[in-house]
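Enquirer: My structure is below; once you've seen it, I'll send some questions.
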Amino acid sequence: MRVVNDYDLDNDVKMPFLRELLSPKRVKEHLSKHLPNIISNYQLAEIKVIRYKPEKRCLIEFTFDGKNSLALIGKIRAKGTDFKSYNVQKQLWKNGFNDDCLDKISVPEPIAIIPEWQMWLQRKVSGEVLRDLFTPNIDLNIVKKIAHVAHKLHCANIPTFRSHVIADELAILHQKLPLILRDFPEWECRVAYILNTCDKLGQHIQEDDSLCGIHRDFYFDQIIVNKDHFYLLDLDLYCLGNPALDIGNFMGHITEYSLRKYGDFSVLKGQEKTVENEFIKLVGENKRQAVTIYTILTLIRHIYLSTQFVDRHCTTPFLLDYCETQLTMFEKKYSICS
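Structure (structure tokens):
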């Protein structure tokens, strides 16, 4: 029985129970209570802390020995058990997103909730994170399937009380983008132009009858690829929203990643257009403008995000220039200057 932990979990005032998760005895007691079938058929072999953000969240992997291999991922949240994400994933699993689905687009199987640890468990899936496959030579069939993953989620439309519309997206930009002026006060006029133009773009988003369940954080870190089987991860932000947001968010991440990884916005442009065109085939040409808008808004959000990570600081001025160019091109194409 191994315990693997590189973090200090002993002094988290918002999650004081974390130290219990490093005790094999306590873990076995809780699993016996909540997962008696697993405990009776498997032997706990390893507890491994995968990720930890103090006073925010923790991710722990439990590995079991038995007739078949089994590993569970425990997701812990300081502000309380995430019942919403668990229930959304459970509903998806029951409605065509299980391991046996013909289109091979699934979510990891949700297993149980352990409320005293503010944790819910899902079965670990094997495969590669899509980001690790995302190179200029990536198989275009993989790229095309990205659009189908998003579209399947949108069509499932699992009910939710949360929503995120264009006004919410613009509010985030108005809140976050001006923060870069603390480091770059000389950009005040440029930031004002960007935010003003974003508001104009927002007026072109029609959301009356197009809202459905969306991921809201859809990009390549949220997909595990196991041969031709895709697994969609992390539905923490799942809400009612515009389906164009998910694809626009993914495309914006591709562009930003292309700059950060290869030093050039255009290196992965072909893959980005492949995602867009495949999605438009599924939903109709009339959705292309909304996808473009959400792509631009995602990139503008990345201007701020680039200032939050040391390894991205060098990309900030390039993102600013690129976003200004994209906004100008959109203004001319759709005549929104007035």
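The sequence shown begins at 26 in the working numbering and counts up one residue at a time.
Glycine is no exception: its CB is placed at the ideal position from the N, C-alpha and C atoms.
Please read these numbers as outputs of a predicted model, since none were measured by experiment.
Which whole-angstrom value describes the C-beta separation of lysine 115 and proline 135, a residue pair presumed to lie in contact below a C-beta threshold of 8 Å?
Expert: 5 Å
Enquirer: Along the chain, which unbroken stretches of the beta strand (DSSP E) at least 3 residues long are found entirely within the segment 124–150?
Expert: 135–139 and 144–148
Enquirer: Measuring alpha carbon to alpha carbon, tell me which of Ala196, Thr185, Ile130 and Trp142 ends up nearest lysine 169.
Expert: Ile130
Enquirer: Taking the alpha helix (DSSP H) that isoleucine 279 belongs to, which residues open and close that run?
Expert: 268–287
Enquirer: Since valine 316 and glutamate 301 should fall inside the 8 Å C-beta cutoff, what is the C-beta to C-beta distance between them, to a whole number of angstroms?
Expert: Cβ-Cβ separation between valine 316 and glutamate 301: approximately 6 Å, consistent with a contact (criterion under 8 Å).
Enquirer: Considering Cα atoms alone, identify which of Leu330, Asp336, Lys358 and Asn251 is closest to aspartate 124.
Expert: Asn251
Enquirer: Comparing C-alpha positions only, which one of Ala70, Ala217, Phe245 and Ser283 sits nearest to valine 154?
Expert: Cα-wise, what sits closest to valine 154 is Phe245.
Enquirer: My output table needs one value for asparagine 302: the three-state DSSP class, helix, strand or coil.
Expert: helix
Enquirer: Tell me whether threonine 185 sits in a helix, a strand or coil according to DSSP, three-state version.
Expert: DSSP, reduced to helix, strand and coil, places threonine 185 outside both helices and strands of the structure shown, so it counts as coil.
Enquirer: Checking the sheet assignment: what are the DSSP bridge partners for isoleucine 101?
Expert: Paired residue(s): Cys83 and Met144.
Enquirer: Name, in chain order, the residues that DSSP records as bridge partners for glutamate 71.
Expert: Arg27 and Thr88
Enquirer: Starting from asparagine 62 and walking both ways along the alpha helix (DSSP H), at which residues does that stretch end?
Expert: 61–66
Enquirer: What do you reckon, are the CB atoms on tyrosine 263 and glycine 238 nearer than 8 Å?
Expert: Contact flag set, yes.
Enquirer: With DSSP as the reference, please indicate the residues paired to isoleucine 321 in a beta bridge.
Expert: According to DSSP, which records beta bridges pairwise, isoleucine 321 is partnered with nothing at all.
Enquirer: Just reading off the alpha helix (DSSP H) that asparagine 221 is part of, what are its end residues?
Expert: Asparagine 221 -> alpha helix (DSSP H) spans 213–227.
Enquirer: What's the C-alpha gap between phenylalanine 290 and glutamate 281?
Expert: Looking at the two C-alpha atoms, the distance is approximately 7 Å.
Enquirer: Could you spell out where the beta strand (DSSP E) holding histidine 199 opens and where it closes?
Expert: Here histidine 199 belongs to no beta strand (DSSP E); instead the alpha helix (DSSP H) covers 191–201.
Enquirer: Let me know the beta strand (DSSP E) ranges lying completely inside the segment 226–264, each 3 residues or longer, listed in chain order.
Expert: Within the segment 226–264, the complete beta strand (DSSP E) runs of at least 3 residues are 237–239, 248–251 and 254–257.
Enquirer: Below 8 Å on the Cβ atoms is my guess for phenylalanine 304 versus histidine 189; work out the distance and round it to an integer in Å.
Expert: At roughly 19 Å, the Cβ-Cβ gap does not stay under 8 Å, so phenylalanine 304 and histidine 189 are not in contact.
Enquirer: Buried or exposed, going by whether 16 or more other CB atoms sit within 10 Å of the CB of valine 308?
Expert: That one is buried.
Enquirer: With distances taken from CA atoms, which of Thr106, Pro41 and Val113 is nearest isoleucine 183?
Expert: Cα-wise, what sits closest to isoleucine 183 is Val113.
Enquirer: On the CB-based measure, 16 or more other CB atoms within 10 Å of its CB, does aspartate 336 come out buried or exposed?
Expert: exposed
Enquirer: Applying the 10 Å Cβ sphere with the 16-neighbour rule, what's the burial state of threonine 341?
Expert: buried
Enquirer: Just to confirm, is the Cβ distance from isoleucine 167 to leucine 158 under 8 Å?
Expert: Between isoleucine 167 and leucine 158, the CB-CB gap stays under 8 Å.
Enquirer: Who are the near neighbours of lysine 201 in its chain, counting only those whose CB is closer than 6 Å to its CB and skipping five residues on each side?
Expert: Tyr329
Enquirer: Please work out which residues of its chain come closer than 7 Å, Cβ to Cβ, to serine 363, disregarding the five sequence neighbours upstream and downstream, and give them in chain order.
Expert: Caution applies to serine 363, whose pLDDT of 45 falls short of 50 and renders its modelled position unreliable; the value that the coordinates give is listed next. Taken in chain order, the list of residues that qualify is empty.
Enquirer: Would you report the Cα separation of aspartate 31 and valine 74, rounded to the nearest angstrom?
Expert: Spanning the two alpha carbons is a distance of roughly 7 Å.
Enquirer: Quick one: residues in its chain with C-beta nearer than 6 Å to the C-beta of threonine 353, no 5 flanking neighbours on either side, listed in chain order?
Expert: none
Enquirer: Leaving aside the five residues before and after methionine 144 along the sequence, list all residues of the same chain whose C-beta is less than 6 Å from its C-beta, in chain order.
Expert: Gly99 and Ile101
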